[in-house]
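Beneath this line is the structure, given in structure tokens, with notes to follow.
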Amino acid sequence: MTDTLLATTPNQEHVGISSVSEELPSIVDWLPGGLIPVWEIVLATPFLASLVIAITFYLFAVVLRGVIFRGLVHLANMTDSLLDDDVLQYVRKPAFTSVLYFGLTLATNVAPLPFGKQLIINILLSVIIGSWMRASILISTVLLDTLERHDGFSLIEIRTKPLFDLTVKILTILVGSYLLLLIWGINPLGWLASAGIVGIAIGFAAQDTLANVFSGFFIVADAPYKIGDYITLDTGERGLVSRIGLRSTRLLTRDDVEITIPNGVIASAKIVNESGGPYLKIRVPIAFGVAYGSDVDQVSEVIQAIAESHPSVCEQPTPMVRMRAFGASSLDFDLLVWIEDPQYRGSISHDLLVEIYKAFGREGIEIPYSKQDLYIKQLPQTE
């Protein structure tokens, strides 16, 4: 474009004219006859031509942002989906930056700077690439969120979303880095060859980190748990899965303490997913005992009424009372109830145990406890 603009000034020896520009029509062909002398005067002064190009592209960028995008936003507001609104919001800034900085690049190329021209051009083009990289990452996040909520895309759900999100970000960074290398005149193939050698060395030095990264991919793909599940590990950790990252998984315990577990450790551990299965309900057993001689029918009725009256106990499946064994000093029972959320298991168990103790006191049902009877066969003789 620059060569085309300057093709009308053959007297300017410092400007090269490419063969491509000779095939393109000169800008003079598009100007009214009265503006041709003005344009020739502008081209006679390179700094003035540079300023005109910069101002022209700035005005075009302002029109693009203030008029064209405003009209597109108005059209997007007429739809029910918020996806187009978010995409336009994230594209608006890089579009303005691209037009403005491309104009500055052309203006810099026209200006007869004594030094640093190529450096300035590379920086301007790098800013354009960086703005589109950032916009691509933001748009991909919004797009994945929308597809996750859409019933027609079963491939993208809570457990697979981090994998797609990570893949898109890596591809965006790789493509953007490749373009930046080309802008700065660096051979990407040479860097890839060097990166292979360096990658082998890094692989040996960061085996644990790479193991955690690959384990993160396998966890997302295999989905033994997902964000929001309540899990228990064989090492004793128990909590709500708050985040599944590339290197680690985070659990939020009932003490409001966040535990970070490396994916390499959690991938090889035995995981009990209390939120797994066809629904989130979980069965909570409450063990208790009554003294021998108690009316077992009365005990079952009292316990059943306590379970059914608790607001957090599910109506379906129905709570059950089961006698389990003849203990050493008690009749052993289990109360089996189902609750909606595993993280409230402790508080609901507390409520039920308190109500059972109070009910046994009211009904005169004895709770056995360890007793020892001492028999004295013969008192010692006193002198």
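Here the sequence shown is numbered in the working numbering, starting from 29 and rising by one per residue.
The C-beta atom is built at its ideal place from N, Cα and C for all residues, glycine as well.
Values in this document were obtained by computation on a predicted structure and should not be read as measured data.
TODO: With a floor of 4 residues, list each alpha helix (DSSP H) that falls wholly inside the stretch 84-152, ordered by position along the chain.
DONE: 97-104 and 111-138
TODO: Enumerate in chain order the residues of its own chain whose CB-to-CB distance from TYR397 is below 6 Å, with the five nearest sequence positions on each side excluded.
DONE: none
Open item on the list: Please state the DSSP three-state secondary structure of THR195.
Closed with: helix
- [ ] Sort ASN137, LEU208, PRO140 and LEU217 by Cα distance to MET8 and report the nearest one.
- [x] Outside the shown range of the chain (29 to 411) lies residue 8, about which nothing can therefore be said.
TODO: Would you list the one or two residues that DSSP bridges to ASP362?
DONE: ALA315 and ARG350
Open item on the list: Please report the straight-line C-alpha distance between ASN301 and GLY213, rounded to a whole angstrom.
Closed with: 53 Å
Open item on the list: Is the beta carbon of PRO290 closer than 8 Å to that of ARG275?
Closed with: Their beta carbons are under 8 Å apart, which means ARG275 touches PRO290 by this criterion.
Task: Endpoints, the beta strand (DSSP E) within which ARG278 is located - done: For ARG278, the enclosing beta strand (DSSP E) starts and ends at 276-280.
Task: Classification of GLY244 by the beta-carbon crowding that lies within 10 angstroms, buried from 16 upward - done: buried
Task: Buried/exposed call for ASP257, threshold 16 Cβ in 10 Å - done: buried
Open item on the list: Quick check on the burial criterion: 16 or more other C-beta atoms within 10 angstroms. Buried or exposed for ILE201?
Closed with: exposed
TODO: Please report the residue range of the alpha helix (DSSP H) in which GLY389 lies.
DONE: 373-391
Open item on the list: Tell me the rounded alpha-carbon separation between ALA414 and LEU172.
Closed with: As displayed, the chain neither begins before 29 nor continues past 411, which places residue 414 out of reach and without an answer.
Task: Presumed contact (8 Å Cβ cut-off) between LEU363 and VAL382, rounded CB distance - done: In fact, because the Cβ distance is near 13 Å, the residues do not count as touching under 8 Å.
Task: Cβ pair ALA77, GLY131 closer than 8 Å - done: No. Outside cutoff.
Open item on the list: DSSP has TYR258 in a bridge; who is on the other side?
Closed with: LEU268
Open item on the list: Please tell me whether ILE334 and ILE384 are closer than 8 Å, where the distance is taken between their beta carbons.
Closed with: Going by C-beta atoms, ILE334 is nearer than 8 Å to ILE384.
TODO: In the DSSP assignment, find the unbroken alpha helix (DSSP H) run with LEU329 in it and report its ends.
DONE: Leu is not the amino acid found at residue 329; the sequence shown has Glu there. Element bounds for GLU329: 324-337.
Task: Proximity winner among ILE211, THR195, LEU111 and LYS121, relative to ILE146 (alpha-carbon distances) - done: This sequence places Gln at residue 146; Ile is not what is there. Taking only the C-alpha atoms, the option nearest GLN146 is ILE211.
Open item on the list: From the DSSP secondary-structure annotation, give me the bridge partner or partners of PRO341.
Closed with: First, the residue type needs correcting, since residue 341 is Val and not Pro in the sequence shown. Answer by DSSP bridge pairing, in chain order: ILE367.
Task: One or two residues paired with PRO290 in a DSSP bridge - done: PRO290 pairs with SER276.
Open item on the list: Please classify ALA356 as buried or exposed, where buried requires at least 16 other C-beta atoms within 10 Å of its C-beta.
Closed with: With fewer than 16 neighbouring CB atoms inside 10 Å of its own CB, ALA356 falls in the exposed class.
Task: Collapsed DSSP secondary structure at ILE404 in the structure displayed - done: coil
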